[in-house]
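Reviewing the structure listed below.
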Amino acid sequence: MNNGKPNWWSRPSSAPEAARIPTPSPADAGDGDFPLPAPQPSPGQEPADPTAPVPAPGAPAAEPFAAEPTEPTEPVVADSGQAAGPPAPEAAPAPAVELTKTGPVAEPAVELTETAPEPAAVPPAEPVPAAAPVPAGAEAHAPAPQAPQPLHTPDEYRTPPYGEPGPWAPAPPVQRPPAAVPPQAHPQPHPQPQVHAHPHPQPQGGAAPWVQYDPWSAPGTGAPPLPPKKSRKGLAIAAALAFALVTGVIGGGIGAYVERNGGITTVELPQAEAGDTGRAPDSVAGIAASALPGVVTLHVRGNGSSGTGTGFVLDDKGHILTNNHVVDGAASSEDISVTFSSGETARAKLIGKDTGYDLAVVQVTGVSGLKALPLGNSDNVRVGDPVVAIGAPFDLSNTVTSGIISAKERPITAGGEKGDGSDISYVDALQTDAPINPGNSGGPLLDSKARVIGINSAIRAAGGGSGEGEGGSASQPGSIGLGFAIPINQGKRVAEELINTGKATHPVIGVSLDMQFQGDGARVGEKGKDGSASVTAGGPAAKAGLRPGDVITKVDGQRVHSGEELIVKIRAHRPGDELELTLSRDGKELTKTLTLGSSQGT
Numbered sequence: 001m002n003n004g005k006p007n008w009w010s011r012p013s014s015a016p017e018a019a020r021i022p023t024p025s026p027a028d029a030g031d032g033d034f035p036l037p038a039p040q041p042s043p044g045q046e047p048a049d050p051t052a053p054v055p056a057p058g059a060p061a062a063e064p065f066a067a068e069p070t071e072p073t074e075p076v077v078a079d080s081g082q083a084a085g086p087p088a089p090e091a092a093p094a095p096a097v098e099l100t101k102t103g104p105v106a107e108p109a110v111e112l113t114e115t116a117p118e119p120a121a122v123p124p125a126e127p128v129p130a131a132a133p134v135p136a137g138a139e140a141h142a143p144a145p146q147a148p149q150p151l152h153t154p155d156e157y158r159t160p161p162y163g164e165p166g167p168w169a170p171a172p173p174v175q176r177p178p179a180a181v182p183p184q185a186h187p188q189p190h191p192q193p194q195v196h197a198h199p200h201p202q203p204q205g206g207a208a209p210w211v212q213y214d215p216w217s218a219p220g221t222g223a224p225p226l227p228p229k230k231s232r233k234g235l236a237i238a239a240a241l242a243f244a245l246v247t248g249v250i251g252g253g254i255g256a257y258v259e260r261n262g263g264i265t266t267v268e269l270p271q272a273e274a275g276d277t278g279r280a281p282d283s284v285a286g287i288a289a290s291a292l293p294g295v296v297t298l299h300v301r302g303n304g305s306s307g308t309g310t311g312f313v314l315d316d317k318g319h320i321l322t323n324n325h326v327v328d329g330a331a332s333s334e335d336i337s338v339t340f341s342s343g344e345t346a347r348a349k350l351i352g353k354d355t356g357y358d359l360a361v362v363q364v365t366g367v368s369g370l371k372a373l374p375l376g377n378s379d380n381v382r383v384g385d386p387v388v389a390i391g392a393p394f395d396l397s398n399t400v401t402s403g404i405i406s407a408k409e410r411p412i413t414a415g416g417e418k419g420d421g422s423d424i425s426y427v428d429a430l431q432t433d434a435p436i437n438p439g440n441s442g443g444p445l446l447d448s449k450a451r452v453i454g455i456n457s458a459i460r461a462a463g464g465g466s467g468e469g470e471g472g473s474a475s476q477p478g479s480i481g482l483g484f485a486i487p488i489n490q491g492k493r494v495a496e497e498l499i500n501t502g503k504a505t506h507p508v509i510g511v512s513l514d515m516q517f518q519g520d521g522a523r524v525g526e527k528g529k530d531g532s533a534s535v536t537a538g539g540p541a542a543k544a545g546l547r548p549g550d551v552i553t554k555v556d557g558q559r560v561h562s563g564e565e566l567i568v569k570i571r572a573h574r575p576g577d578e579l580e581l582t583l584s585r586d587g588k589e590l591t592k593t594l595t596l597g598s599s600q601g602t
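Quick note on numbering: my numbering labels position 51 of the sequence shown as 51, and the sequence is numbered without any gaps.
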């Protein structure tokens, strides 16, 4: 068959048939090719023995063509259509043969190589005796022929690539018995089978950087086989892993830097948006916003000392109510200055003061926009009502604190530094737990409607004494949650008297009390001061029938336990008010009713 495709046969031809291959004429060789005569045996030379061993690599060739051992190949024979005897037994793979043309030829040397496909694992039909090996280094010289030498020795196992044998067909690989194969120093990779008749030689010991061009090979078969493509899925997974690794390293570095250096950009903290700043009127913020414009801070200098207190505006004429002990050290009106919550400062003059009630009134002039605080009713206050205190504790003006009413009608006394009792204050006070400290004295105590219900005056010290923060009898200044305020009903009456007359009146019953009595109640003394009668003649007590030695135990039904408490209860009323007194005389309980008299305060 000659259909343009290579045909492979499995039967060998005889050696005489190879000798009858005609030599093509120069015209048949084609342009640019040199003629290759048909192989002819030399005189005295026998055809090549297929069983002869191949010389070792590097040894001189016995023929004009040097053979080098390569990878084992599968024996291939050509079928000429004639019977050439029984089929040749299949031999073990033999190394590929590299043919190099040498000799006195005018053309340049040509190197032809061929590697047959890898043989199939088929056991040999019959053992073939191995030929005698050629000694290493042996070299045979053929006599110089007169005619051109053939390209290779005729081979009965030849396999032409296309049709009949021709001058273009290189010699097929020489088959050798398995015993004649020389050992290899290093294992060589098996070549992959090629689809064309003239495969390129495989590089020994690794991939060669170049391949030999074969002008007789089919188009597109000269390049080495392409390596198998790698799976795209595997490449994608590898790329993803690499990206994750790089990202993790970079992220870790950035995180460490941010942790150590506090960030790489300007810090912007979240913040709530601007909202409504209004507050409910009965809240602490609402009460403070309403009352602060009417609260003032007083600074007093005189007699080698100075002090700070608080006051609040009573009317638009500039009258300000405060404690007596706040302004008591001032020698003149020039020593009193008033600072408003707006920061405006003005001089104030003293209008009047009363030691027994510990109240005083000063007045500022030339100040516009004054806001007077509304006054509440202390009789309506109940224990537990919320309150707010405003003042300047330790000269911290406009300080706001809050609490509740802890108790009512708490009898307290303050002062007494002079020793004669003339500076003692008797207060039927409101008790609160709103924090009050030195400097809060004279400030307002406000209810939930921002109305004044008391004047902050005293605190209880941890040492057990009572007093207020500015020079009182307190052994430890500072709030411990026990603050006391003069009820506004009492403060209002005294303030009115001080503004109108400059003096305040005190309600009295006309008796002298025994302040050393240790029993329960207030005992009328046997004698008064300077040896006078203990019951004032014509006074309220004398008219009601009181006698020396009587012990008063109740006032309007409220129990009293000491002389101080009786004074506090009496001063909680106005002159002219009627009182019902319960007393004990000679073991008997008596009830007497009297009308309160009046005395001038100091």
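Positions of the beta carbon are idealized from the N, C-alpha and C atoms, including for glycine.
Exercise. Determine the burial state of N500: buried for a count of at least 16 other Cβ atoms within 10 Å of its Cβ, exposed for fewer.
Key: Residue mapping note: residue 500 aligns to position 500 of the sequence shown, counting from 1. Classification of N500: exposed, given that the 10 Å Cβ count is below 16.
Quiz item: What beta strand (DSSP E) runs, 3 residues minimum, are completely inside the stretch 371 to 436?
Solution: 386 to 391, 399 to 414 and 425 to 432
Exercise. Please name the residue or residues paired with P575 in a DSSP beta bridge.
Key: Stepping through the sequence shown from its first residue, residue 575 is reached at position 575. In the DSSP output, where bridge partners are listed per residue, P575 has none listed.
Quiz item: Three-state secondary structure (DSSP) at N303?
Solution: As a working mapping, residue 303 is identified with position 303 in the sequence shown. It is coil, neither helix nor strand.
Exercise. Starting from the C-beta of T413, find all residues in its chain whose C-beta is less than 6 Å away, skip the five residues before and the five after it, and write them out in chain order.
Key: Locating residue 413 in the sequence shown gives position 413, where the first residue counts as 1. Result list for T413: I424, Y426 and E564, in chain order.
Quiz item: Could you check where the alpha helix (DSSP H) with G252 kicks off and where it finishes?
Solution: Your numbering for residue 252 matches position 252 in the sequence shown. Counting along the chain, the alpha helix (DSSP H) containing G252 begins and ends at R232 to N261.
Quiz prompt | For N440, three-class secondary structure by DSSP | solution = Indexing the sequence shown from 1 puts residue 440 at position 440. Three-state result, N440: coil.
Quiz prompt | Spatially closest choice to G521 from S584, A291 and L396, by CA coordinates | solution = Numbered from 1 along the sequence shown, position 521 holds the residue referred to as residue 521. S584 is the residue among S584, A291 and L396 whose C-alpha sits nearest the C-alpha of G521.
Practice problem: Pull up the DSSP beta-bridge partners for G352, would you. | Solution: As a position in the sequence shown, residue 352 is number 352, starting the count at 1. BP columns for G352 point to V361.
Quiz item: Based on the DSSP secondary-structure assignment, which residues constitute the bridge partners of G563?
Solution: As a first step, residue 563 must be located in the sequence shown, where it is residue number 563. Beta-bridge partners assigned by DSSP to G563: none are found.
Practice problem: From the DSSP output, in three-state form, read off L292 for me. | Solution: Position 292 of the sequence shown, counting from 1, holds the residue named residue 292. If DSSP states are grouped into helix, strand and coil, L292 belongs with the helices.
Practice problem: Write down the C-beta distance between G601 and A504 rounded to the nearest angstrom, noting that I regard them as a contact closer than 8 Å. | Solution: As a first step, residue 601 must be located in the sequence shown, where it is residue number 601. As a first step, residue 504 must be located in the sequence shown, where it is residue number 504. Contact flag correct, Cβ pair sits at about 4 Å.
Quiz item: Near D514, what residues of its chain come up, given a Cβ to Cβ distance below 6 Å and the 5 sequence neighbours on each side ignored?
Solution: Along the sequence shown, read from residue 1 onward, the residue named residue 514 stands at position 514. R523 and G525, listed in sequence order.
Exercise. Evaluate P540 with the Cβ neighbour count: other Cβ atoms within 10 Å of its Cβ, from every protein chain shown; 16 or more gives buried, anything less gives exposed.
Key: For this step, residue 540 is matched to residue 540 along the sequence shown. Looking at its Cβ environment, which holds 16 or more other Cβ atoms inside 10 Å, P540 is buried.
Quiz item: Can you tell which of L396, S402, V383 and I390 has the C-alpha that lies nearest to the C-alpha of R410?
Solution: For the purposes of this step, residue 410 is identified with residue 410 of the sequence shown, where counting begins at 1. Residue V383 is the option with its Cα nearest to R410.
Quiz item: What residues in its chain sit with their C-beta under 6 Å from that of D577, if we drop five residues either side in the sequence?
Solution: To locate residue 577, count along the sequence shown from 1; it is residue 577. Only L596 meet the Cβ criterion.
Quiz item: For the ligand MN, any of its heavy atoms closer than 7 Å to the Cβ of R301?
Solution: Within the structure as shown, the ligand MN is missing, as the structure has no ligands at all.
Quiz item: Which word fits T401, buried or exposed, when buried means at least 16 other C-beta atoms lie within 10 angstroms of its C-beta?
Solution: Locating residue 401 in the sequence shown gives position 401, where the first residue counts as 1. Buried, by the Cβ-count rule.
Quiz prompt | Proximity of I453 and V388 at Cβ, strictly below 8 Å | solution = For the purposes of this step, residue 453 is taken as the residue at position 453 of the sequence shown. For the purposes of this step, residue 388 is taken as the residue at position 388 of the sequence shown. No, they are not a contact pair.
Quiz item: Which residue comes first and which comes last in the beta strand (DSSP E) that contains E589?
Solution: As a working mapping, residue 589 is identified with position 589 in the sequence shown. Where E589 is concerned, the enclosing beta strand (DSSP E) stretches over K588 to T595.
Practice problem: Leaving out five residues on either side along the sequence, give the residues of the same chain with a beta carbon under 6 Å from the beta carbon of A450. | Solution: Taking the first residue of the sequence shown as position 1, residue 450 is located at position 450. Here the set comprises I287, S290 and A291.
Self-check item: Presumed contact (8 Å Cβ cut-off) between V555 and R547, rounded CB distance
Solution: If you number the sequence shown from 1, residue 555 lands on position 555. If you number the sequence shown from 1, residue 547 lands on position 547. The C-beta separation of V555 from R547 comes to about 18 Å, leaving the pair out of contact by the 8 Å criterion.
Quiz item: P507 to A280, Cα distance in whole Å?
Solution: As a working note, residue 507 is residue 507 in the sequence shown. As a working note, residue 280 is residue 280 in the sequence shown. Using only the alpha carbons, I get a separation of about 42 Å.
Quiz item: How about N440 and T553: are their beta carbons less than 8 Å apart?
Solution: Looking up residue 440 in the sequence shown gives position 440. Looking up residue 553 in the sequence shown gives position 553. Going by C-beta atoms, N440 is not nearer than 8 Å to T553.
Practice problem: For G545, I'd like the list of residues in its chain whose CB is within less than 7 Å of its CB, leaving aside the five on either flank, ordered along the chain. | Solution: Within the sequence shown, residue 545 is the residue found at index 545, counting from 1. Taking C-beta separations shorter than 7 Å and ignoring five residues to either side along the sequence, the partners of G545 in its chain run K592, following chain order.
Quiz item: If you draw a straight line from the C-alpha of A462 to the C-alpha of I405, how long is it?
Solution: The residue you call residue 462 lines up with position 462 of the sequence shown. The residue you call residue 405 lines up with position 405 of the sequence shown. Roughly 20 Å between the two C-alpha positions.
Practice problem: Give the DSSP-derived three-state secondary structure of L314 in the structure shown. | Solution: Against the sequence shown, residue 314 aligns to sequence position 314. L314: coil per DSSP, three-state reduction.
Self-check item: Start-to-end residues for the alpha helix (DSSP H) that takes in V327
Solution: Within the sequence shown, the letter at position 327 stands for residue 327. Start and end: N324 to V327.
Quiz item: Going by DSSP, what residues sit across from L581 in a beta bridge?
Solution: Sequence index remark: in the sequence shown, residue 581 carries index 581 (1-based). Answer is V555 and K592.
Exercise. Report the partner residues of I603 according to the DSSP bridge assignment.
Key: Because the chain in this structure spans residues 1 to 602, residue 603 falls outside the shown range and cannot be described.
Quiz item: Nearest-angstrom Cα distance between F243 and T266?
Solution: Residue 243 sits at position 243 when you count from the first residue of the sequence shown. Residue 266 sits at position 266 when you count from the first residue of the sequence shown. Distance between the alpha carbons of F243 and T266: 29 Å.
Exercise. State the CB to CB distance for the pair N456 and F394, rounded to an integer number of angstroms; the pair is presumed to be in contact (CB under 8 Å).
Key: Taking the first residue of the sequence shown as position 1, residue 456 is located at position 456. Taking the first residue of the sequence shown as position 1, residue 394 is located at position 394. Rounded, the Cβ-Cβ distance is 14 Å, inconsistent with contact.
Self-check item: I320 beta carbon less than 8 Å from that of V326
Solution: Mapped onto the sequence shown, residue 326 falls at position 326. Mapped onto the sequence shown, residue 320 falls at position 320. 8 Å or more divides the Cβ of V326 from the Cβ of I320.
Practice problem: Please state if the CB of V338 and the CB of V296 are separated by a distance shorter than 8 Å. | Solution: For the purposes of this step, residue 296 is taken as the residue at position 296 of the sequence shown. For the purposes of this step, residue 338 is taken as the residue at position 338 of the sequence shown. Yes, the Cβ-Cβ distance between V296 and V338 is below 8 Å.
Quiz item: Quick one: what's got a C-beta closer than 8 Å to H573's C-beta in the same chain, skipping five residues either side?
Solution: As a first step, residue 573 is located in the sequence shown; it is residue number 573 there, counting from the start. If we look at H573 and ignore the five residues flanking it on each side, its Cβ neighbours are P507, L579 and L596.
Quiz prompt | For G528, the three-state DSSP class (helix, strand or coil) | solution = For the purposes of this step, residue 528 is taken as residue 528 along the sequence shown, with counting starting at 1. Looking at G528 - three-state DSSP - the assignment turns out to be coil, as it is neither helix nor strand.
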